[in-house]
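Peer 1: Residue numbers for the sequence shown follow this note's numbering, so the first one is 415 and each next one is one higher. Where a beta carbon is used, it is the ideal one built from N, C-alpha and C, also for glycine.
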Amino acid sequence: MKLGVNIDHVATVREARKINEPDPVTAAAIAEMAGADGIVCHLREDRRHLSDRDLRLLRETVKSHLNLEMAATDEMVGIACDVKPDMVTLVPEKRTEVTTEGGLDVVNNIDLIKKSVTKLRSNNIIVSLFIDPELEQIQASVKSGADYVELHTGKYAEAKDANMQEEELSTLQSMAFAATKLGLSVSAGHGLNYYNVRSVAGLDKIEELNIGHSIIGRALFSGLDLAVRDMKKLIKG
Ligand code: PXP
C-alpha cells in the first residue's frame, strides 16, 4: 500500500504568522526521504494555506509523485494544465469549511466534472475524484472519464463504535471492488491516523492512502521523518 503525505498543514502553521516558515516544500522533501510514495497538496480558491509559489516549487522539487487537490473550476484547471502535477484530485470546496467535508457529488455535476476531467487528461494529468463510497458516485465517476476514485474514509474515521466502524469498513471494501471492476483505480483517505489506519490498509484493491493531519500533528512531537516512517510501517502491515 502506498502512502501519499498531505503537507497542507505545514502551510497552515506558516500562514498563522504570514511569514515564510515553516516551508511545506521542505516538508515534502523530508517526507519523501522518509519513504512517502507521493506528496499531496490542496490549492484552495482562497489560498488559505498552500500558495501558487508552493505549488510551483513542489512541481520542481517533488521527485516521487505530486497529487494536487483542487476544485473543478476553470481557474484551477488552468493552473493544473500549466503546472502539470502528476495527478489532480477533484474535491468539493466550500470557503467556510475547516477541511474537505464530503465527497464530490459527481452524479449531480457530471457535465462540469466531465469537462474538467477531459481537459486535465488531454494534458496528460491522471485524474482522481474524491467521492463518498457510494455505487452511484462510482458509476458517475466512470462516466466522467476519471482514472481513479479516492474513497472518503471520514465516516469510518468518525464511527462511534466498533460495529459502525466494521460497517463502514465493509462499505469501503465493497466499493473498492466495485470501482476496480468498472475499470477505476482506487485510493482512500481523510481522517486516517496511527490508531485507525491498519484496517483500511488491509483492504483489497486500494492502492494508496492519502494522509495529512495525523502525520503533521505527530511530527510536532516526533519530527516529520519519524512520523512518516511510523505511518509507512503501519500501512505496510
Ligand atoms: N484526501 C483528500 C481528498 C483530502 O481533501 C484530505 C484533506 O486535505 C485528505 C485526503 C487528508 O485528510 P487528513 O488530513 O484528515 O489525513
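(1) Whole-angstrom Cβ separation of I545 and L596, contact assumed at under 8 Å?
(2) So, at 7 Å on beta carbons, what are the nonlocal neighbours of I539 in its own chain, with the 5 sequence-adjacent residues on each side left out?
(3) Are the stretch 618-627 and the stretch 429-449 in contact at 8 Å, needing three or more beta carbon pairs?
(4) How many Å lie between K574 and N481 at the Cα?
(5) If you run the structure through DSSP and keep just helix, strand and coil, what is E621?
(6) At a cut-off of 7 Å, would you count V427 as near the ligand PXP, judging by its Cβ distance to the nearest heavy atom?
(7) Mind reading off the beta-carbon distance from A450 to V642? Whole number of angstroms is fine, and I expect it under 8 Å.
(8) According to DSSP, is I629 part of a helix, a strand, or is it coil?
(9) Hey, I421 and A442 are a contact pair by Cβ (cut 8 Å); roughly how many whole angstroms apart?
(10) For the alpha helix (DSSP H) holding N607, just list the boundary residues, first then last.
(11) Can you tell me whether DSSP reads K416 as helix, strand or coil?
(12) Give me, in chain order, the residues of the same chain whose beta-carbon lies closer than 6 Å to that of G452; leave out the 5 immediate sequence neighbours on both sides.
(13) Let me check one thing: in DSSP terms, what residues is S599 bridge-paired to?
(14) Suppose the cutoff is 6 Å on Cβ atoms and the five residues either side in sequence are ignored; what does the same chain contact list for G517 look like?
(15) Based on Cα-Cα distance, which residue from E564, V563, E580 lies nearest to A571?
(16) Below 6 Å CB to CB, which residues in the same chain sit around K569 once its five sequence neighbours on both sides are set aside?
(17) Three-state secondary structure (DSSP) at V611?
Peer 2: Taking the definition as stated:
(1) Not quite, the Cβ-Cβ distance comes to about 13 Å (not below 8 Å), so this is no contact.
(2) A494, K498, P499, M501, V502
(3) Judged by Cβ distances under 8 Å, the stretch 618-627 makes no contact with the stretch 429-449, as fewer than three pairs qualify.
(4) 31 Å
(5) coil
(6) no
(7) 6 Å
(8) Helix at I629.
(9) Between A442 and I421 the Cβ distance is about 5 Å, and since that is below 8 Å, they are a contact.
(10) Going by DSSP, N607 is part of no alpha helix (DSSP H) at all; its letter is neither H nor E.
(11) strand
(12) G418, S478, H479, N481
(13) Y562
(14) F544, I545, D546, H566
(15) E580
(16) E582
(17) When DSSP states are grouped into helix, strand and coil, V611 belongs to the helix group.
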